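K.L.:
Per numbering that gives the first Met the number 0, residue 0 is the first one in the sequence shown, and the count goes up by one each step.
By construction, the Cβ of each residue, glycine as well, lies at the ideal position given by its N, Cα and C atoms.
Owing to the predicted nature of the structure, the values given are computational and were not obtained by experimental measurement.
Below are the C-alpha cells for one structure; questions will follow.
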Amino acid sequence: MDYTGKKVLIVGMAKSGVSAAKLLRHMGAQIALYDRKSKENFAEHTEITELLQQGAVDFLGAEPEQAEARAEILILSPGVPVKQTFIQQAMQSGKKVISEIELGYEIAKAEFVGIGGTNGKTTTTALTGEIFKNSGRTTYVLGNIGLPICEHAADTKAGDTIVAEIAALQLETIKTFRPRAFALLNITEDHQDRFGTMEYYTHCKMKAFENQKPEDYAILNLDDPITSAQKDKIHSHLLLFSRKQEVEEGAFVRDGKIVFRMAGQEQEVCPVDQIRIPGNHNLENALAATCLAMCRGIAAETVAYTLKTFPGVEHRIEFVKTVNGVDFINDSKGT
C-alpha cells in the first residue's frame, strides 16, 4: 500500500509504536501519535520528541475519539486492547486497523519465518535466527525478542529472511500477514485479562496460519495437548515435532538423536546430548528450530553446528559454568 499523504494514527507509543511512526513518516504518511499518557511523560524520549518536531500531530493524553476521528488508518501497538470503544468505532466505520507487524509485513521484501507460543518463543527465535545467519542468509531477528519488525522492514530485500518472535497480541489484527514457515510451540493459560477465554487466546495464536498457502509450512508441537489439537485447522504443509514419539513429517528424537523427516527423506541432525542449551523444554525448542530451518532448505550440518554452539538467551535457563561438578544455571527471567 502507498501511505503517501495518508492520515495514520499510531496508537500506543512504546517501542512498536515509535518504530511504526518512524517508518510511516519515512514513507510520506501524515502521522499522529496517541497514547493514554500525556506529552509530559515522554519529555525525555528523544525519538517521540523528534517525531513531534518533524510535524507529527500530538494526541498524547488526548481523548482517543478525537484522535480516531482525524485518522484514515490506525496502527495498534501490541499492548492496546482492540475492544476499546474508539478502535471498535474505527473498525465499524471501515477504517483500516492493523498491528505493527502487519505494517512491517506490508513493507518488507524479506520472507518471514515466525515463532509463537506461550513459552519458549524468545529462545527459539534467537536459535532459529542464529541457524539462518550461519547458513549465510541475510537475516533479521525481530519482533518481541527486541527490535520491532518496522525497525528494519524497509531495509530488507528479496532473498532476506526475517525471523520474528510473534505474540498473540500482535496477531489479533493481522490482515495479510503470511509467514512462509511458522512454529507454534505450546499454548497454556496466559493473558486471560486481555483475551477473556482460552478459546479466544488460542484463536489469536492460530491466526498466524490463516493466510498461509499449501507451499508454506505450519509447525506444531505434538506433545502439547492444546497445540496438537489444532492440526485439523491447518491448510498449509503441516510439520510436527515431538521429543516423545516419531512423527510422519517433522522433527523427533530416535536413538538419542534429532531426526528430520520430510517428503519421504530422513536426515539425522544432531545427538541430543550435544545440544548446548540444557533441558527438555530446550530440546523442544531445538526440534522446532530444526523444522523451521530445514523446511526452508538449510542443511542439517548448519543446524547441527548451531545446536552445538548456541549459548542460549541471557537469563533464560542460561548455562553459566560448572564448579566442582555442579552446573550453575541463570534463570533470573523466571523470578
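(1) Note down, in chain order, each residue of its chain lying with its Cβ closer than 6 Å to the Cβ of K120, except the 5 sequence neighbours on either side.
(2) May I ask you to report which of helix, strand or coil DSSP gives G4?
(3) Would A180 and C294 be called neighbours here (beta carbons separated by less than 7 Å)?
(4) Could you spell out the range, first to last residue, of the alpha helix (DSSP H) harbouring H44?
(5) When you compare only the Cα positions, how much space is there between N40 and L50?
(6) Check for me: the beta strand (DSSP E) holding H236 runs from which residue to which?
(7) Roughly how many angstroms lie between the CA atoms of A250 and K36, to the nearest whole one?
(8) According to the Cβ coordinates, are F240 and L286 closer than 7 Å?
(9) In whole angstroms, what separates the C-alpha of A13 from that of P147?
(10) Just grab the DSSP bridge partners of P270 for me.
(11) Pick from A288, I225 and I47: whose alpha carbon is nearest that of Y199?
(12) Please list, in chain order, all residues of the same chain as G4 whose beta carbon is under 6 Å from its beta carbon, the five residues on each side excluded.
(13) Using 7 Å as the threshold, is the C-beta distance between I108 and A157 below it?
(14) Within the present structure, is the beta-carbon of N210 separated from the nearest heavy atom of the ligand MG by less than 6 Å?
(15) Just how far apart, CA to CA, sit T160 and I144?
(16) When we look at the beta-carbon of K332 and count the other beta-carbons within 10 Å, is it buried (16 or more) or exposed?
(17) What whole-angstrom Cβ distance do A292 and F111 have, given they're in contact under 8 Å?
(18) Does the beta-carbon of D335 have 16 or more other beta-carbons within 10 angstroms, so that it is buried, or is it exposed?
(19) Taking the beta carbon of K204 as the centre, do at least 16 other beta carbons fall within 10 Å, making it buried, or is it exposed?
(20) Suppose you measure from the CA of Q83 to the CA of R193; what does that come to, to the nearest Å?
(21) Span of the alpha helix (DSSP H) holding S98?
(22) Report yes or no: do the stretch 70–78 and the stretch 88–102 share at least 3 C-beta pairs separated by less than 8 Å?
(23) Per DSSP, what are the beta-bridge partners of Q52 in this structure?
P.N.:
If we stick to the structure as given:
(1) I114 and E164
(2) coil
(3) yes
(4) Neither: H44 is in no alpha helix (DSSP H) and is coded neither H nor E.
(5) 15 Å
(6) H236 to S241
(7) 47 Å
(8) yes
(9) 10 Å
(10) K256
(11) I225
(12) none
(13) The residue you asked about is not Ile; residue 108 is Lys in the sequence shown. Going by C-beta atoms, K108 is nearer than 7 Å to A157.
(14) By its list of ligands, the structure shown contains no ligand whatsoever, and the ligand MG lies outside what it can speak to.
(15) 16 Å
(16) Confidence is the limiting factor: at K332 the pLDDT is only 46, short of 50, which leaves the residue's position unreliable, though a coordinate-based value still follows. It counts as exposed.
(17) Not quite, the Cβ-Cβ distance comes to about 14 Å (not below 8 Å), so this is no contact.
(18) Since the first and last residues shown for the chain are 0 and 334, residue 335 lies out of range.
(19) buried
(20) 11 Å
(21) Where S98 is concerned, there is no enclosing alpha helix (DSSP H), although the beta strand (DSSP E) it sits in stretches over K95 to S98.
(22) yes
(23) Answer is none; Q52 lacks a bridge partner.
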